[in-house]
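No gaps in the numbering here: position 62 of the sequence shown is 62 in the UniProt record's numbering, and each next residue is one more. Idealized CB from N, CA, C, for every residue including glycine. Quick caveat: nothing in here was measured; it's all calculated off a predicted structure. Notes follow once the structure below has been shown.
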Amino acid sequence: MPVGVLSFECTLIFSNTSLIQALIISLVIGGAVVVSAYVREFNGRLASLADLVSGEQLAAEEREDAAGLKDSSARDSSAQSD
Numbered sequence: 001m002p003v004g005v006l007s008f009e010c011t012l013i014f015s016n017t018s019l020i021q022a023l024i025i026s027l028v029i030g031g032a033v034v035v036s037a038y039v040r041e042f043n044g045r046l047a048s049l050a051d052l053v054s055g056e057q058l059a060a061e062e063r064e065d066a067a068g069l070k071d072s073s074a075r076d077s078s079a080q081s082d
């Protein structure tokens, strides 16, 4: 939320309510802005972590597949030599 919007909201609050109520409402609005920024940051980090984990899982599956192919080809060649 841009600072101009917050100051406009605070101006409206100050003109219509008492000083203490205006301060409380301003703190709530500011707190909501800060919390939403932290939530967005956390969601971004969580998404990047999920991408990293899925990439690692995919790489592990590819390594297992490659190892499985090597094992099966080694078994096939030893079976043919017998």
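Same chain, Cβ closer than 7 Å to residue i, neighbours up to 5 away in sequence not counted
i: Ala59; result: none
i: Arg63; result: none
Nearest-angstrom Cα separation, counted from residue j out to residue i
i: Ser18; j: Gly44; result: 39 Å
i: Ile29; j: Ser48; result: 29 Å
i: Arg40; j: Ile20; result: 30 Å
i: Glu61; j: Ala50; result: 16 Å
Proximal residues to residue i (C-beta, below 6 Å), its chain only, five neighbours per side dropped
i: Phe42; result: none
Coil, strand or helix - residue i by DSSP
i: Ser48; result: helix
i: Ser18; result: coil
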